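Just below is one structure, and these are the notes that go with it.
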Amino acid sequence: MMIDLHTHSAVSDGLDSPAELMRLGAEAGLSVIGLTDHDTTAGWAEASVAAQQQGIRLLRGAELSTTDARGGTVHMLAYLFDPNAPELLAELAKAPQQREDRVRAIIERLQQDFAVSFESITERAGVGTMLGKPHIAAELVAIGAVPTPRDAFTNILADGSKYLVPLIRMSPLTAVDLVQKAGGVTVIAHPRDGGRGNGLTAAEIAELRDAGLFGLEVDHREHTALARAELTALATDLGLRMTGSSDYHSTVKPNRLGENTTAPEVLEELLASATSGMGLL
């Protein structure tokens, strides 16, 4: 049983439609796939229909952007929350404009060296798309600055690049609280990926555990063996569950569906921990 609980569609910063993502997940041999687009549930309906057609189980979720006390970005995977819960819904409603503002700021920096424009990026992305770095990467390919989106992420848009601008969002503690109030479950995504600051401290993670945090995404492409060992020890010490996921974004990143997976018993505990009444589809 292959379980991949962290993937992205074109609704946020992937390239595949939710339906295409379900097809690819089934082709990859996944039994369960988690759709976790950034700060949105807009892909759930399409993915739900396609998952049934493809014979794959769908875990509905979102990857919430949060900002820690040092200004670093912390991504929180939220699963099985009520998408109509008022407080969380209000917070998610802020995301499109915040992301657009960030894209505009990055473009302004890029324009010092590259002939890119916000208008061209939005036209290429399509109306209603949640804009992100993959759309900027596609524009850099279109103007000939790099041969592929992957090259854009490796060079121009790499972590620490002078062109990047942080996305300021709610705190990780607020995210855990809002998701729990909405009947959902939270897992810290790639806590030691090294690209978004030093990450949360053990004490901060313990505080989130006390607030209701379910687990840590331990097995992830961007975690070194040392990081995985540290996170395994931390999760064991704090009584947190450990997940593994691909963080698939289509060809824009090298991550492959099912390259890291979650144990079936952890999925069962996750499902049992949700109080929203939502389960696998």
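Quick note: to get my numbering, add 884 to the position in the sequence shown (first position is 1). A virtual CB, placed ideally from N, CA and C, is assigned to each residue, including glycine. Note that the coordinates shown come from a computational prediction; the quantities given were computed from them, not determined experimentally.
First and last residue of the uninterrupted alpha helix (DSSP H) at residue i
i       : result
Val1063 : 1056–1065
Met906  : 902–911
Asp1035 : 1033–1038
Ala1026 : 1017–1026
Ala1169 : With the chain represented from 885 up to 1165, any question about residue 1169 goes unanswered, as that position is not in the structure.
Ala1090 : 1086–1095
Asp985  : 979–994
Ala1113 : 1109–1122
Leu1154 : 1148–1157
Ala935  : 928–938
Residue i: first and last residue of the uninterrupted beta strand (DSSP E) it sits in
i       : result
Ser949  : 941–951
Glu1101 : 1099–1103
Ala1167 : Nothing can be reported for residue 1167: it is not among the residues displayed for the chain, which extend from 885 to 1165.
Ile1072 : 1069–1072
Thr1127 : 1125–1128
Residue i beta carbon near the ligand ZN (any heavy atom closer than 6 Å)
i      : result
Glu971 : Although the ligand ZN was asked about, the structure shown includes no ligands whatsoever.
Length of the line joining the Cα atoms of residue i and residue j
i       : j       : result
Ile1005 : Arg1034 : 17 Å
His892  : Ala979  : 16 Å
Ala946  : Ser1001 : 29 Å
Arg1076 : Thr1116 : 12 Å
Arg1140 : Thr1032 : 17 Å
Ala1111 : His1019 : 30 Å
Leu914  : Thr1159 : 25 Å
Tyr857  : Arg1105 : Absent from the structure is residue 857, since the part of the chain shown begins at 885 and ends at 1165.
Gly1010 : Leu899  : 12 Å
Ala1119 : Thr1108 : 16 Å
Met886  : Val1071 : 19 Å
Pro1056 : Ser1045 : 24 Å
Ser1134 : Ser901  : 10 Å
Thr1085 : Ala912  : 35 Å
Glu1088 : Val1102 : 17 Å
Asp985  : Ala931  : 28 Å
Val1136 : Phe1037 : 8 Å
Asp997  : Glu1003 : 17 Å
Ala1066 : Gly1163 : 14 Å
Ala969  : Leu1124 : 25 Å
Met1191 : Asp952  : Residue 1191 lies beyond the stretch modelled for the chain, which goes from 885 to 1165, so this question has no answer here.
Leu1122 : Ala1090 : 7 Å
Ala999  : Ala929  : 37 Å
Glu971  : Leu1041 : 33 Å
According to DSSP, residues forming a beta bridge with residue i
i       : result
Leu919  : Thr891, Arg944
Tyr1132 : Thr891
Own chain, CB closer than 8 Å to residue i, minus 5 neighbours either side, in chain order
i       : result
Gly1016 : Ser896, Asp897, His922, Arg983, Val987
Thr925  : Arg944, Ala946, Pro967, Leu976
Arg1008 : His1019, Ala1022, Glu1023, Ala1026
Leu973  : Pro967
Neighbourhood of residue i by C-beta distance below 6 Å, restricted to the same chain and skipping five residues each side
i       : result
Glu904  : none
Ala1059 : Leu948, Thr950, Met960
Tyr1132 : Thr891, Asn1139, Leu1141
Ala934  : Ala903, Met906
Val1063 : Ala962, Phe965, Thr1070
Ala1156 : none
Thr1146 : Ile887, Leu889, Thr1127, Gly1128
Same chain only: Cβ atoms within 7 Å of residue i, ignoring 5 sequence neighbours per side
i       : result
Asn1039 : Val1030
Ser1130 : Asp888, His890, Thr891, Asn1139, Arg1140, Leu1141, Gly1142, Glu1143, Asn1144
Ala910  : Gln938, Gly939, Ile940
Gly1068 : Ala962, Tyr963, Leu964, Phe965, Ala1158, Ser1160
Thr927  : Thr is not the amino acid found at residue 927; the sequence shown has Gly there. Here the set comprises Ser893, Val895, Pro902, Leu919, Asp921.
Ala1073 : His890, Glu947, His959, Met960, Leu961, Glu1101
query = Counting pairs of Cβ atoms below 8 Å between the stretch 984–998 and the stretch 1087–1100, do you hit three or more?
reply = By the Cβ test, the stretch 984–998 is not in contact with the stretch 1087–1100, since fewer than three Cβ pairs between them sit closer than 8 Å.
message = Can you confirm whether the stretch 1150–1165 touches the stretch 1044–1056 when touching is taken to mean that 3 or more C-beta pairs between the two stretches lie within less than 8 Å?
response = Two segments are said to touch when three or more pairs of C-beta atoms, one from each, lie closer than 8 Å; by this definition the stretch 1044–1056 does not touch the stretch 1150–1165.
query = So, do the stretch 909–920 and the stretch 936–948 have three or more beta carbon pairs nearer to each other than 8 Å?
reply = Verdict: yes, contact present.
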